[in-house]
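Trainee: Protein sequences appear in the order of chains A and B.
The opening position of the first sequence corresponds to residue 1 in the numbering used here, with each subsequent residue numbered one higher.
The opening position of the second sequence corresponds to residue 1001 in the numbering used here, with each subsequent residue numbered one higher.
Note that the Cβ used here is the ideal one computed from N, Cα and C, for glycine as well.
Submitted below is the structure of interest, expressed as structure tokens.
Number of protein chains: 2
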Amino acid sequence: MKKVTVNGRIWVEINGENFLGSGRIELLEKIEALGSLRKAAISMGLSYRKAYYAVRSMNELAPALLVELKQGGKGGGGAKLSKSGRKIVIKYHQIAHDFVIFLTKQSDVL
Amino acid sequence: MKKVTVNGRIWVEINGENFLGSGRIELLEKIEALGSLRKAAISMGLSYRKAYYAVRSMNELAPALLVELKQGGKGGGGAKLSKSGRKIVIKYHQIAHDFVIFLTKQSDVL
DNA sequence: TGACGTTATTCATTAAGAGGAATAACGTTA
DNA sequence: TAACGTTATTCCTCTTAATGAATAACGTCA
């Protein structure tokens, strides 16, 4: 018997521009865990450049910085989440959870 | 004030393979309206080839043909939806409608 | 003041997808 | 049997996205 399922993807937009998806959320979490954008990128198998542009885009779109980047200094610098950065990660997970439930329900109906 | 919204995309999979999304649904509707795959593709600004491969993929994955293609004959041939093809278009619209409601609710929460 | 490890940026190459062009194949109809 | 308009298929080009390499810039600390 063939298995039919409803799948999907959600993301957050600000003024119609892509702001946050699951990939960026994972990046934020890695940044919080590792304290370094470079290490976060590598741990996800992501190029540093792509990760950097993602952070830059997020910080530009958000009303307040999500990631605080520090260049030079102790350890060469580093990256960490701001308070609003940590908040938005939690909020996103709530939405993603509801979405999984939605998809499951729709798959059952099929 | 910046406008923050949750957006997304859903599709139907069969055995984990992409089966139906909004584009393919639109294609099915155009086929029903125009009776020709070529005309349907053109009306959507789609290349015939892409439309053809989409139909082929759908027909192969579905338990029963969604689109009946006829080559040669009166008018050169034509394309039309099977009964199960028409059914699935209706079902998809129901799911898509629920999804819009879901997205609106999530956007309100933000 | 030099070493360090990070952030910040540019450049060139490669991979993949989209698209168009061209043509074969088909079956009815006049 | 020739014309017609469609389905069916192949091939090549072009554009765009992804990737990696290389390097500059920075600020602390020994």
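Can you name the residues of chain A whose CB is closer than 8 Å to the CB of V1100 (chain B)?
Mentor: The contacting residues do not exist; V1100 (chain B) stays about 12 Å from chain A at best.
Trainee: Judging by CA-CA distance, which residue of A:V55, A:K3 and A:V12 is the nearest neighbour of Y92 (chain A)?
Mentor: Selected option, being the one with the closest Cα: A:V12.
Trainee: Tell me which residues of the stretch 32-61 of chain A have at least one Cβ-Cβ distance to chain B shorter than 9 Å, keeping chain order.
Mentor: Here the close residues are L61.
Trainee: Looking at C-alpha atoms only, which residue of B:S1107, B:A1040, B:G1077 and B:F1019 is the closest neighbour of L1028 (chain B)?
Mentor: When only C-alpha atoms are compared, the closest one is B:A1040.
Trainee: Indicate whether at least one CB of chain B lies closer than 8 Å to the CB of I25 (chain A).
Mentor: So no, I25 (chain A) is outside the interface.
Trainee: In whole angstroms, what is the alpha-carbon distance linking S43 (chain A) and R56 (chain A)?
Mentor: Looking at the two C-alpha atoms, the distance is approximately 19 Å.
Trainee: Measuring CB atoms only, is the stretch 1061-1081 of chain B touching the stretch 66-78 of chain A, in the sense that at least three cross pairs come out at less than 8 Å?
Mentor: Touching, no.
Trainee: Name the DSSP bridge partner or partners of A51 (chain A)?
Mentor: None, per the DSSP bridge assignment.
Trainee: List in chain order: all unbroken alpha helix (DSSP H) runs of 4+ residues lying wholly within the stretch 20-95 of chain A.
Mentor: DSSP runs (the alpha helix (DSSP H)) wholly in the stretch 20-95 of chain A: 22-34, 37-43 and 48-61.
Trainee: Looking at C-beta atoms only, is the number of pairs between the stretch 87-105 of chain A and the stretch 1094-1109 of chain B that lie closer than 8 Å three or more?
Mentor: Flag = yes, the stretch 87-105 of chain A and the stretch 1094-1109 of chain B touch.
Trainee: For a contact meaning CB atoms closer than 9 Å, what does I1095 (chain B) contact in chain A?
Mentor: Near I1095 (chain B) (Cβ distances below 9 Å), the residues of chain A are V6, Q106, V109 and L110.
Trainee: Under 7 Å Cβ-Cβ, which residues of chain A neighbour R1009 (chain B)?
Mentor: Correct list: G8 and R9.
Trainee: Please tell me whether I1090 (chain B) has its Cβ less than 8 Å away from any Cβ of chain A.
Mentor: No, no contact with chain A.
Trainee: What does K1002 (chain B) reach in chain A if we use C-beta pairs closer than 7 Å?
Mentor: The contacting residues are I14, N15 and P63.
Trainee: Taking all protein chains shown into account, do 16 or more other C-beta atoms lie within 10 angstroms of the C-beta of V100 (chain A), making it buried, or fewer, making it exposed?
Mentor: The residue in question, V100 (chain A), is exposed, as its Cβ has fewer than 16 Cβ neighbours within 10 Å.
Trainee: Where do the N-terminal and C-terminal ends of the beta strand (DSSP E) with N7 (chain A) fall, by residue?
Mentor: Here the beta strand (DSSP E) through N7 (chain A) covers V4 to I14.
Trainee: Could you give the C-beta distance for R1009 (chain B) and R24 (chain A), rounded to a whole number, given that I count them as a contact under 8 Å?
Mentor: Incorrect: roughly 16 Å between the Cβ atoms, too far for contact.
Trainee: As a quick exercise: from A:A33, A:S36, A:M1 and A:F19, pick the residue whose alpha carbon is nearest that of A54 (chain A).
Mentor: Per the Cα distances, A:F19.
Trainee: Measure the alpha-carbon distance for Y111 (chain A) versus I95 (chain A) and round it to whole angstroms.
Mentor: The structure shown has nothing for residue 111 (chain A), since chain A only spans 1 to 110.
Trainee: So, under 8 Å CB-CB, P63 (chain A) and K1030 (chain B) are touching, yes? Tell me the CB distance rounded to an integer number of Å.
Mentor: At roughly 42 Å, the Cβ-Cβ gap does not stay under 8 Å, so P63 (chain A) and K1030 (chain B) are not in contact.
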